[in-house]
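Student:
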Amino acid sequence: MSGAAGAARTLVRAARRDPAGPADPWATGAALQPTVRRAGSLLALIVIGFLVVGVLVPLAILLGIGVASGSDVAGWLLALVLGLLVAFGVWVFTRARTLTRPAPVTLDAAAPPEEWTLLETFRQHERRLPTPARPALQSAVQATREALRVTSGGTLTRDAFDARQAAREDLPELLMAWQSGPRRPEDLTRELQLIETRMRQVTQAQAAAQDREAQARRRYLSGKLRPDPADTDPPA
Numbered sequence: 083m084s085g086a087a088g089a090a091r092t093l094v095r096a097a098r099r100d101p102a103g104p105a106d107p108w109a110t111g112a113a114l115q116p117t118v119r120r121a122g123s124l125l126a127l128i129v130i131g132f133l134v135v136g137v138l139v140p141l142a143i144l145l146g147i148g149v150a151s152g153s154d155v156a157g158w159l160l161a162l163v164l165g166l167l168v169a170f171g172v173w174v175f176t177r178a179r180t181l182t183r184p185a186p187v188t189l190d191a192a193a194p195p196e197e198w199t200l201l202e203t204f205r206q207h208e209r210r211l212p213t214p215a216r217p218a219l220q221s222a223v224q225a226t227r228e229a230l231r232v233t234s235g236g237t238l239t240r241d242a243f244d245a246r247q248a249a250r251e252d253l254p255e256l257l258m259a260w261q262s263g264p265r266r267p268e269d270l271t272r273e274l275q276l277i278e279t280r281m282r283q284v285t286q287a288q289a290a291a292q293d294r295e296a297q298a299r300r301r302y303l304s305g306k307l308r309p310d311p312a313d314t315d316p317p318a
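Each residue of the sequence shown is one higher than the one before, starting from 83 at the first, in our numbering.
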């Protein structure tokens with residue numbers, strides 16, 4: 083009995099799981115994960131439906147026979163069973179609509195516009211590349227994303243231009259060229275590594291610039307707030 087109850091609880095949790103919940107859109111296989119979760123939840127919903135219908139429908143038939151025989155109690159119980167069937171049908175319909183609704187793609191509200199293009203490129207080509215080239219794509223995309231974030235909101239420097247160019251043109255054009263003609267995975271991996279290297283240089287340069295600014299600010303505040311020795315000398 084306890085095993086059956088545990089199995090029922092597992093099925094209900096699986097059917098109620100929200101497949102459209104927020105997840106890391108940059109994770110490998112992120113485009114496939116919502117589909118897998120939906121399939122599992124729909125399967126659990128179907129199993130629950132068969133179990134509930136298999137219990138309530140025969141019970142309703144038996145109670146209908148009792149009502150036909152003139153039993154008032156059977157009539158009340160039949161109304162209760164039919165109400166449960168209607169409520170269960172509404173719940174199943176609502177859950178089925180939720181499970182078949184497309185999962186939203188979410189990004190940080192402060193993400194630069196080019197990050198959407200980068201994410202779309204990553205999701206579009208992730209599963210199409212040969213397996214040896216996928217880690218290089220993920221590394222290049224992650225490096226470009228970090229470069230976009232550290233250069234956003236400021237002036238259009240060479241580093242900021244290179245980061246935006248990589249997201250808008252370099253990566254999409256490279257991957258489209260790979261799809262349009264036969265090429266060796268080694269060549270694609272090498273070119274992706276070149277993009278990754280440049281993007282990491284951008285991130286490191288921005289980090290170094292921020293560190294220099296922080297040091298200059300500390301020196302300025304230290305000099306400004308340091309007490310004047312003349313003010314600290316005791317009176318003669």
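By construction, the Cβ of each residue, glycine as well, lies at the ideal position given by its N, Cα and C atoms. Just so we're clear, the structure is a prediction, and the values are computed from it rather than from any experiment.
(1) Under three-state DSSP, which class holds Leu-238?
(2) Just verifying my parser: in three-state terms, what is the DSSP assignment at Gly-263?
(3) In angstroms, rounded to a whole number, what distance separates the CA positions of Leu-230 and Met-258?
(4) Under 8 Å by Cβ, that's how I've got Glu-268 and Leu-256 pegged, so tell me the actual separation to the nearest angstrom.
(5) Distance check for Asp-293 and Arg-300, CA to CA, integer angstroms please.
(6) Which residue comes first and which comes last in the alpha helix (DSSP H) that contains Glu-202?
(7) Would Pro-197 and Arg-246 be called neighbours here (beta carbons separated by less than 8 Å)?
(8) For the putative contact between Arg-210 and Gln-275, defined by C-beta atoms under 8 Å, what is the C-beta separation to the nearest angstrom?
(9) Tell me which residues share the same chain as Thr-285 and place their Cβ nearer than 6 Å to its Cβ, disregarding the 5 neighbours each side in the sequence.
(10) Note the first and the last residue of the continuous alpha helix (DSSP H) segment covering Glu-228.
(11) Please tell me whether Gly-136 has its Cβ less than 8 Å away from any Cβ of chain B.
Tutor: Looking at the atomic coordinates:
(1) Mapped onto the sequence shown, residue 238 falls at position 156. Reduced to three states, the DSSP call for Leu-238 is coil.
(2) Position 181 of the sequence shown, counted from the first residue, corresponds to residue 263. Reduced to three states, the DSSP call for Gly-263 is coil.
(3) Taking the sequence shown and counting its residues from 1, the one referred to as residue 230 is at position 148. Taking the sequence shown and counting its residues from 1, the one referred to as residue 258 is at position 176. Going from the Cα of Leu-230 to the Cα of Met-258 covers about 21 Å.
(4) If you number the sequence shown from 1, residue 268 lands on position 186. If you number the sequence shown from 1, residue 256 lands on position 174. About 14 Å; that fails the 8 Å criterion.
(5) Counting from one through the sequence shown, the residue named residue 300 turns up at place 218. Counting from one through the sequence shown, the residue named residue 293 turns up at place 211. The alpha-carbon atoms of Arg-300 and Asp-293 are separated by roughly 11 Å.
(6) If you number the sequence shown from 1, residue 202 lands on position 120. Element bounds for Glu-202: 195-207.
(7) For the purposes of this step, residue 197 is taken as the residue at position 115 of the sequence shown. For the purposes of this step, residue 246 is taken as the residue at position 164 of the sequence shown. What sits at residue 197 in the sequence shown is Glu, not Pro. Cβ atoms of Glu-197 and Arg-246: not closer than 8 Å.
(8) Counted from its first residue, the sequence shown places residue 210 at position 128. Counted from its first residue, the sequence shown places residue 275 at position 193. Rounded, the Cβ-Cβ distance is 19 Å, inconsistent with contact.
(9) As a position in the sequence shown, residue 285 is number 203, starting the count at 1. Within the same chain, Thr-285 has close Cβ partners Glu-228, Ala-229, Val-232.
(10) Within the sequence shown, numbered from 1, the residue matching residue 228 stands at position 146. Segment 216-233, the alpha helix (DSSP H) holding Glu-228.
(11) As a matter of chain content, chain B is missing from the structure shown, which is built from one protein chain.
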